[in-house]
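Asker:
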Amino acid sequence: MARPEIGALIGAVVVLVLFLVVAPPFRNLGNVGTVLYGSALIGIMAVGVSLLMIGGEFDLSTGVAATTSGLTAALVAWNFGLNVWVGVLVALLVSLAIGAFNGWLLVTTGLPSFLVTLGTFFVLRGANLGITRNVTENVATTSIADMDGWDSAQAVFATTFKIGPVSIKMLVLFWIVLTVVAAYVLLRTRVGNWILAVGGDDAAARAVGVPVRAVKIGLFMFVGFCAWMLGMHLLFEFSVVQSGEGVGKEFIFIIAAVVGGCLLTGGYGSVVGAAIGALVFGMTQLGINYAGWNPDWFFSFLGVMLLLACIVNLYVKKKADAR
Amino acid sequence: MSPRTETAPTHVGGATTSILEMRECGKNYGNVSALRGVTLNVRQGEVTCVLGDNGAGKSTLIKIMAGLHDYNAGEMFVNGELRHFSSPRESLASGIATVYQDLALAPLMSVWRNFFLGNEIKKGFLGTLDVPQMKKVCGEELTKMGIVIPDLDRPIGALSGGQKQCIAIARAIYFGAKVIILDEPTAALGVKQSGVVLKYIVKARDAGLGVVFITHNPHHAYLVGNHFVILKLGRVVLDAHRDEISLDELTAEMAGGKELADLSHELRAADPGKVVEPHTVTGGIDAPSGVLPRVGEDGREGVGTPRS
Ligand SMILES: Nc1ncnc2c1ncn2[C@@H]1O[C@H](COP(=O)(O)OP(=O)(O)O)[C@@H](O)[C@H]1O
Ligand SMILES: [Mg+2]
Chain V
227 MARPEIGALI GAVVVLVLFL VVAPPFRNLG NVGTVLYGSA LIGIMAVGVS LLMIGGEFDL
287 STGVAATTSG LTAALVAWNF GLNVWVGVLV ALLVSLAIGA FNGWLLVTTG LPSFLVTLGT
347 FFVLRGANLG ITRNVTENVA TTSIADMDGW DSAQAVFATT FKIGPVSIKM LVLFWIVLTV
407 VAAYVLLRTR VGNWILAVGG DDAAARAVGV PVRAVKIGLF MFVGFCAWML GMHLLFEFSV
467 VQSGEGVGKE FIFIIAAVVG GCLLTGGYGS VVGAAIGALV FGMTQLGINY AGWNPDWFFS
527 FLGVMLLLAC IVNLYVKKKA DAR
Chain W
11 MSPRTETAPT HVGGATTSIL EMRECGKNYG NVSALRGVTL NVRQGEVTCV LGDNGAGKST
71 LIKIMAGLHD YNAGEMFVNG ELRHFSSPRE SLASGIATVY QDLALAPLMS VWRNFFLGNE
131 IKKGFLGTLD VPQMKKVCGE ELTKMGIVIP DLDRPIGALS GGQKQCIAIA RAIYFGAKVI
191 ILDEPTAALG VKQSGVVLKY IVKARDAGLG VVFITHNPHH AYLVGNHFVI LKLGRVVLDA
251 HRDEISLDEL TAEMAGGKEL ADLSHELRAA DPGKVVEPHT VTGGIDAPSG VLPRVGEDGR
311 EGVGTPRS
């Protein structure tokens with residue numbers, strides 16, 4: 227059977243060749259790190275978002291939830307004068323709790339995830355701004371770069387290291403590891419089998435004894451974990467967090483998963499595909515720059531790519547089904 | 011993983027060898043009473059057919075056995091123990107497997123993943139799925155049942171309705187079900203596919219399972235059934251062993267029997283010119299007389315007002 231990520235792979239090769247031809251700086255090996263970093267900023271969330279989508283749901287609150295996580299860590303450490311790591315841990319708990327809340331509300335009310343997470347999106351968007359302004363009297367957090375634990379936390383979440391001429395950000399490593407682990411879980415564990423089944427037909431899954439509610443809540447919590455990873459990276463990369471950050475990012479993560487072959491209706495898709503989808507984004511973002519094209523058109527380019535990817539994926543899936 | 015082994019069925023109330031027994035069971039949805047005073051025995055090595063019109067309460071009955079709903083009145087014994095299931099998991103753990111008409115399988119998942127869903131084989135300390143082993147067992151079990159699927163990685167949605175039903179049945183048997191409940195497995199199938207499914211029902215029975223076969227179609231029921239229960243408006247209106255009833259009688263009971271004869275009478279009285287004489291009607295209005303009404307694939311045809 228054709229794997230779901232085939233379409234994305236073809237897309238990635240096309241985009242790569244295109245920019246190798248039209249954008250000379252793209253051929254510079256040193257820029258590989260930059261492309262990968264741009265991809266990781268999307269890809270790290272796309273891991274959770276794609277698993278969730280395969281499990282039949284999606285989350286519109288991911289972009290602002292990452293900001294919430296960063297804000298929580300910064301504000302807790304700064305406001306109470308605590309070690310930065312305490313803030314990091316509290317942020318993890320808050321992120322998991324947001325995911326658990328989304329999942330719990332979904333399974334108890336039976337509302338579609340679109341509505342549940344749209345609500346969460348607005349609640350968090352407001353809370354990000356309101357709480358930040360309340361604590362710091364500003365729309366951004368105060369820098370925590372001089373606080374206890376900063377150096378070690380920064381070393382974990384936001385270092386850069388060199389492989390030959392290529393500088394690699396820690397986030398890229400996290401992204402790759404998380405993708406590999408999630409792909410393994412999906413394809414080679416019983417939980418993965420349950421995720422596929424819950425997304426494919428939750429009534430069928432329930433009837434054979436799959437704990438559908440737990441799987442859904444767990445998926446939302448994993449998305450929360452990814453938001454925490456991204457939030458921590460952003461905090462330790464820039465040392466301050468803007469409370470208005472993240473709005474609109476949720477769609478980019480969803481698009482990466484869809485380009486990667488995840489079916490919006492669930493039950494089918496690939497984590498590796500979502501990583502390739504994120505890579506397509508990273509390459510496009512920089513490629514347009516390097517090619518000297520007007521970056522105003524970036525989103526139009528994305529839109530076209532999304533539609534093309536969907537059509538290719540549909541075609542690949544039809545072919546696979548028809549055999 | 012080896013198939014589940016459950017405690018052997020105990021004898022309930024002396025002579026019976028019921029694996030599952032309902033006594034005066036009732037179920038209300040709010041103030042809608044879907045089942046009232048239902049008494050039913052499912053025995054090992056027997057096919058118990060449950061027949062009834064739409065809304066008779068067949069699905070409700072299944073859902074109670076499958077653990078999707080609890081009952082509000084009466085008692086249900088499984089292996090001689092009084093039980094109230096609170097989830098499908100509990101029902102499955104007691105050896106009851108349910109094959110639903112439309113919700114048995116996840117369409118986009120491969121055949122082998124569906125086969126092992128909820129009973130995956132794991133190996134190693136990481137709990138990795140033993141994919142080669144699962145594919146091997148799945149292939150063997152399906153071959154044993156006479157289903158040949160060359161590529162077990164195919165999405166199950168690409169298979170025919172009959173194949174899907176058979177896979178669901180094969181799966182239930184392999185995982186050690188003691189009772190297998192089939193919700194209208196032949197309703198959406200053609201004649202040939204229905205035949206395949208009916209053969210599997212017989213195989214399951216001969217393997218010593220208790221089979222609950224829900225259907226609209228008295229012909230299908232009579233081909234495989236040992237025991238027949240007809241539900242009407244949530245009540246049992248007939249409970250007969252095969253020895254006690256003929257196909258004609260079963261069909262007549264199913265078609266409404268006396269009620270339909272009365273209806274025919276009434277209609278004739280209302281406008282004699284527009285109602286055809288009973289013997290010329292293919293719809294089975296005068297079923298009790300022994301003329302076989304023609305019942306279609308889904309059992310819905312042939313019951314109703316006469317056509318002129
Ligand atoms: N979830 C439910 N809530 C309320 N009423 C229900 C529900 N399910 C079934 N019923 C009612 O119970 C009765 C029996 O339905 P059902 O068991 O589905 O019958 P069958 O499967 O024989 O067609 C019907 O009157 C139906 O409307
Ligand atoms: Mg029904």
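Chains as they are written, first to last, in our numbering: chain V, 227 to 549; chain W, 11 to 318. By construction, the Cβ of each residue, glycine as well, lies at the ideal position given by its N, Cα and C atoms.
#1: Taking 6 Å as the limit, tell me which residues put their C-beta closer than that to any heavy atom of ligand 1, in chain order.
#2: How long is the line joining the alpha carbons of W/Thr108 and W/Glu194, rounded to whole angstroms?
#3: Could you check the C-alpha separation between W/Gly137 and V/Val498 for me, to the nearest Å?
#4: Taking buried to mean at least 16 other C-beta atoms within 10 Å of its own C-beta, is V/Lys442 buried or exposed?
#5: DSSP has W/Glu31 in a bridge; who is on the other side?
#6: Looking at chain V, is there any beta carbon in it that lies within less than 7 Å of the beta carbon of W/Thr292?
#7: Would you report the Cα separation of W/Gly293 and W/Gly171, rounded to the nearest angstrom?
#8: Run through chain W and tell me which residues come within less than 8 Å of V/Arg416, C-beta to C-beta.
#9: Any idea if W/Pro228 is buried or exposed, counting beta-carbon neighbours within 10 angstroms, 16 or more meaning buried?
#10: Taking only three categories from DSSP, how would you classify V/Ile478?
#11: To test your reading of the DSSP string, which unbroken alpha helix (DSSP H) runs of 4 or more residues are found completely within the segment 474-521 of chain V?
#12: Three or more C-beta pairs under 8 Å: does that hold for the segment 344-354 of chain V against the segment 279-297 of chain V?
#13: Measure the alpha-carbon distance for W/Lys209 versus V/Gly425 and round it to whole angstroms.
#14: What residues from the segment 419-439 of chain V come within 7 Å of chain W, judged by C-beta to C-beta, listed N to C?
#15: Please report whether the beta-carbon of W/Arg93 lies at a distance below 7 Å from any beta-carbon of chain V.
#16: Whole-angstrom Cβ separation of V/Val473 and V/Leu532, contact assumed at under 8 Å?
#17: In terms of residues, what are the limits of the beta strand (DSSP E) holding W/Ile190?
#18: Since W/Arg123 meets chain V, which of its residues come closer than 7 Å, beta carbon to beta carbon?
#19: Would you say W/Pro195 reaches chain V, if we count a Cβ-Cβ gap shorter than 7 Å as a contact?
#20: So V/Ala557 packs on V/Gly269, CB below 8 Å; how close in whole Å?
#21: When you compare the CB positions of V/Val392 and V/Val241, do they come within less than 7 Å of one another, or not?
#22: Is the shortest distance between the beta-carbon of V/Gly495 and the beta-carbons of chain W less than 7 Å?
#23: Since W/Pro98 meets chain V, which of its residues come closer than 7 Å, beta carbon to beta carbon?
#24: Under a three-way DSSP split, which group does W/Val201 fall into?
#25: Consider the Cβ of W/Met119: report whether some Cβ of chain V lies at a distance smaller than 7 Å.
#26: Would you list, in sequence order, the uninterrupted beta strand (DSSP E) runs of no fewer than 3 residues that lie entirely inside the segment 390-419 of chain V?
#27: When the Cα atoms are used, what is the spatial distance from V/Trp311 to V/Asn515?
#28: Taking only the alpha-carbon atoms, compute the straight-line gap between V/Ala266 and W/Lys202 and give it to the nearest angstrom.
#29: Taking V/Asn328 as the reference, give the member of V/Asp427, V/Gly356 and V/Leu278 with the closest Cα.
#30: Just the Cα atoms here: how many angstroms apart are W/Val189 and W/Thr49?
#31: Tell me the DSSP bridge mates of W/Tyr39?
#32: State the DSSP-derived secondary structure class of W/Ile295, mapped to helix, strand or coil.
#33: So, for V/Trp401: in the same chain, excluding its five sequence neighbours on each side, which residues have a beta-carbon less than 6 Å away from its beta-carbon?
#34: Under a Cβ-count criterion, where at least 16 other Cβ atoms within 10 Å of its own Cβ denotes burial, should V/Asn364 be classed as buried or exposed?
Answerer: With the structure as the only source:
#1: Result (chain order): W/Tyr39, W/Val42, W/Ala44, W/Gly62, W/Asn64, W/Gly65, W/Ala66, W/Gly67, W/Lys68, W/Ser69 and W/Thr70.
#2: 11 Å
#3: Here the C-alpha atom of W/Gly137 lies approximately 21 Å from the C-alpha atom of V/Val498.
#4: Counting Cβ neighbours within 10 Å, V/Lys442 comes out buried, since at least 16 surround it.
#5: W/Asn51 and W/Phe87
#6: Note on W/Thr292: pLDDT 48, under 50, position unreliable in the model; the coordinate value appears next. Judged by the 7 Å Cβ criterion, W/Thr292 is not in contact with chain V.
#7: With a pLDDT of 45 at W/Gly293, under the threshold of 50, the modelled position of that residue is not reliable, and no figure is offered here.
#8: Glu130, Lys132, Gly137 and Leu139
#9: Counting the other CB atoms within 10 Å of its CB gives W/Pro228 a total of 16 or more, which places it among the buried residues.
#10: helix
#11: 475-485 and 497-516
#12: Contact between the segment 344-354 of chain V and the segment 279-297 of chain V is present: 3 or more CB-CB pairs across the two stretches fall below 8 Å.
#13: Distance between the alpha carbons of W/Lys209 and V/Gly425 is about 32 Å.
#14: Asn419, Leu422, Ala423, Gly426, Asp427, Ala429, Ala430, Ala431, Arg432, Ala433, Val434, Gly435 and Val436
#15: no
#16: With a Cβ gap of about 19 Å, V/Val473 and V/Leu532 do not count as contacting.
#17: DSSP places W/Ile190 inside the beta strand (DSSP E), whose first and last residues are Val189 to Asp193.
#18: Asn419 and Leu422
#19: no
#20: The structure shown has nothing for residue 557 of chain V, since chain V only spans 227 to 549.
#21: no
#22: no
#23: Arg432, Ala433 and Gly435
#24: Residue state for W/Val201 is assigned as helix, using DSSP reduced to three classes.
#25: yes
#26: 392-395
#27: 37 Å
#28: 54 Å
#29: For V/Asn328, the nearest C-alpha among the options comes from V/Leu278.
#30: 17 Å
#31: W/Val42
#32: Confidence is the limiting factor: at W/Ile295 the pLDDT is only 41, short of 50, which leaves the residue's position unreliable, though a coordinate-based value still follows. Three-state result, W/Ile295: coil.
#33: If we look at V/Trp401 and ignore the five residues flanking it on each side, its Cβ neighbours are Ala266, Gly269 and Ile270.
#34: Around the Cβ of V/Asn364, a 10 Å sphere holds fewer than 16 other Cβ atoms; the residue is exposed.
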